[in-house]
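Working notes, structure below.
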Amino acid sequence: MPNHVNKKIITLPRGTLDLTYQTNISDDTTTYTIEDLLDFAQRINPKRAFLFVSKVLGRHIPVAPSAMRRAFTDLANVIPENLPQPILVIGMAETAVGLSAGVHQALQTRYPNALLLNSTRHTQHDEQNTNTLLTTFSEDHSHASQHLIYASPDKVMQAQLLASKTLIMVDDEASTGNTCVNVVTALRNAGLDQLEQVHLTTLVDWSLNQNQTDTDDSIAKRLPNIEFYRHHLLSGAWQWTDAPNPEPIIMPSVDTTEAGTQALGETGNWGRFPTLDSTNGFANYLKHFQRSFASFNGQSSFDKCKLSQRILVLGSNEFVWLPFLLAEWLEQETQKEGTNPKSIVKFSALTRSPIALGGAITTMLSFHDNYGLGMTNFVYNIEPKDWDLIVLCVETSKDSVDTLWKDLDNVLVLGVDD
Numbered sequence: 005m006p007n008h009v010n011k012k013i014i015t016l017p018r019g020t021l022d023l024t025y026q027t028n029i030s031d032d033t034t035t036y037t038i039e040d041l042l043d044f045a046q047r048i049n050p051k052r053a054f055l056f057v058s059k060v061l062g063r064h065i066p067v068a069p070s071a072m073r074r075a076f077t078d079l080a081n082v083i084p085e086n087l088p089q090p091i092l093v094i095g096m097a098e099t100a101v102g103l104s105a106g107v108h109q110a111l112q113t114r115y116p117n118a119l120l121l122n123s124t125r126h127t128q129h130d131e132q133n134t135n136t137l138l139t140t141f142s143e144d145h146s147h148a149s150q151h152l153i154y155a156s157p158d159k160v161m162q163a164q165l166l167a168s169k170t171l172i173m174v175d176d177e178a179s180t181g182n183t184c185v186n187v188v189t190a191l192r193n194a195g196l197d198q199l200e201q202v203h204l205t206t207l208v209d210w211s212l213n214q215n216q217t218d219t220d221d222s223i224a225k226r227l228p229n230i231e232f233y234r235h236h237l238l239s240g241a242w243q244w245t246d247a248p249n250p251e252p253i254i255m256p257s258v259d260t261t262e263a264g265t266q267a268l269g270e271t272g273n274w275g276r277f278p279t280l281d282s283t284n285g286f287a288n289y290l291k292h293f294q295r296s297f298a299s300f301n302g303q304s305s306f307d308k309c310k311l312s313q314r315i316l317v318l319g320s321n322e323f324v325w326l327p328f329l330l331a332e333w334l335e336q337e338t339q340k341e342g343t344n345p346k347s348i349v350k351f352s353a354l355t356r357s358p359i360a361l362g363g364a365i366t367t368m369l370s371f372h373d374n375y376g377l378g379m380t381n382f383v384y385n386i387e388p389k390d391w392d393l394i395v396l397c398v399e400t401s402k403d404s405v406d407t408l409w410k411d412l413d414n415v416l417v418l419g420v421d422d
């Protein structure tokens, strides 16, 4: 049952964020405080001036893979039993791509046939022209509002997708449920007309400032004949007050779903298309890393190498799940060796999200994106010199990365062309 309500005030350059929140107490799930889950920063976005910066996603703050895995599993554990099947788990690009895969993987201990499908902002081209767009939707408050959702080229899997009775929508946070309504409406119009239940599953739910019953009733009216549920690790409410005469901001151009000039390499199907197995491709990816790491260290094989003491693995934009699995493997390997108790492995990611310095954001690096879209990408809270090894994982060629990364001696760029 819910704990008592707490309050917190966050002052940012463009205004003040007043928070009311409560933790959820459960016998089956770790209790998370707001300090466990969140920090705060200022968006460079005229639609919404503040950002909830997750401490467990590995997106804007480097996180130990084991801490990420705990959050994935704990969030999956709040999803109930006896759901109507088939089940579809869908994640929101780019922030929740890894989160959805982690929830899906944990959920499969109870629902082994659940499908995973993530939205994407990267148009998927292939020479055989087998990549079929299922639908699109809009995330209205986002810096990049347009999302694409792809069908499966496999007829059996596509039939299961269209027959889905339960939709589990995974995101880092939610409040009004508008994005959820947009997603479900788009999917129903695309042929998922047998949906019976929708479960909005988030790390933090910010609908407490509304009458949640009224809010959910409103969602139910917009989604007729569907039962709607919310699941989360922490719930709360926010109220934003603009500072007097805030300085105008200009948001970089990042709202595109066009294909860039750099081809996407083959990394397996980890969720851009419907999949039962989000680890598809990881075995090959691990071998790819081991060969590249050996070459990076001037050795003939990985077995002759010693892992660095301080390792940072960086995913890139939506390509975060296989890099996370690599970071998790490295963390387990360093612990297995037991030779240096000070060894650390953390995970973070490059992103197209523009965030101002201050609050949770202590440092920022900006550079050209590796997709050839001509947009600026960022990485936050990372000083390259603090790490013995940075493994930069991209789904494009090694040459696609900015010279900022190529010029650093401690960076191993893991592209798709080795």
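Going by our numbering, the first residue of the sequence shown is number 5, and it counts up by one from there. Virtual Cβ for every residue (Gly too), placed ideally from N, Cα, C. Source: prediction; values computed, not measured.
For residue i, which of helix, strand or coil comes out of DSSP?
i	result
A178	strand
C184	helix
K310	coil
I253	coil
L412	coil
D403	helix
W325	helix
S282	coil
A241	strand
K11	strand
E98	coil
Q150	strand
T338	helix
E387	coil
H145	Residue placement at H145 is flagged as unreliable, the pLDDT there being 45, under the threshold of 50; a coordinate-derived value is accordingly withheld.
R234	strand
L191	helix
S305	coil
L330	helix
L138	strand
M5	Caution is warranted here: a pLDDT of 43 is assigned to M5, below 50, making its placement in the model unreliable, and the coordinate value is therefore given only provisionally. Three-state result, M5: coil.
I223	helix
L196	coil
L268	coil
If I follow the unbroken alpha helix (DSSP H) through residue i, where does it start and stop?
i	result
M379	It is not in any alpha helix (DSSP H) - M379 carries neither H nor E in the DSSP assignment.
N288	F286 to F300
G19	It is not in any alpha helix (DSSP H) - G19 instead sits in the beta strand (DSSP E) that spans G19 to T27.
G106	V101 to L111
V160	K159 to L166
Counting along the chain, where does the beta strand (DSSP E) carrying residue i start and finish?
i	result
D40	Per DSSP, D40 belongs to no beta strand (DSSP E); it is in the alpha helix (DSSP H), I38 to L41.
V93	I91 to G95
F497	A query on residue 497 cannot be resolved here, the shown segment of the chain reaching from 5 to 422 and no further.
I365	From DSSP, I365 is part of no beta strand (DSSP E); its letter is neither H nor E.
F351	I348 to L354
D209	Q201 to D209
I394	L393 to C397
N122	L119 to N122
S156	Note, S156: premise wrong, no beta strand (DSSP E); not H, not E.
If the criterion is Cβ atoms closer than 8 Å, does the pair residue i and residue j meet it?
i	j	result
T265	H236	no
G181	Q26	no
V405	N385	no
R63	I359	no
H203	I94	no
L61	T35	no
T279	L119	yes
P88	F351	no
L263	H126	Looking at the sequence provided, one finds Ala at residue 263 rather than Leu. A contact, by the Cβ cut-off of 8 Å.
S320	V398	yes
A155	L138	yes
S296	L396	no
L196	S222	no
Q243	D22	yes
R276	Q164	no
V383	L354	yes
V9	W325	no
S104	N122	yes
V185	M173	no
T245	T20	yes
I230	E200	yes
S58	L41	yes
R314	I365	no
Worksheet item: Touch check for the stretch 321-340 and the stretch 112-121: three-plus C-beta pairs under 8 Å?
Response: Taking 8 Å as the limit for Cβ pairs, the verdict is that the stretch 112-121 does not touch the stretch 321-340.
Item to complete: Write down every uninterrupted run of the beta strand (DSSP E) in the stretch 44-93 whose length is 3 residues or greater and which is fully enclosed by it, in chain order.
Response: If we require 3 residues or more, the beta strand (DSSP E) runs fully inside the stretch 44-93 come out as 54-58.
Discussion item. Can you confirm whether the stretch 69-80 touches the stretch 285-305 when touching is taken to mean that 3 or more C-beta pairs between the two stretches lie within less than 8 Å?
Written reply: Segments in contact, no.
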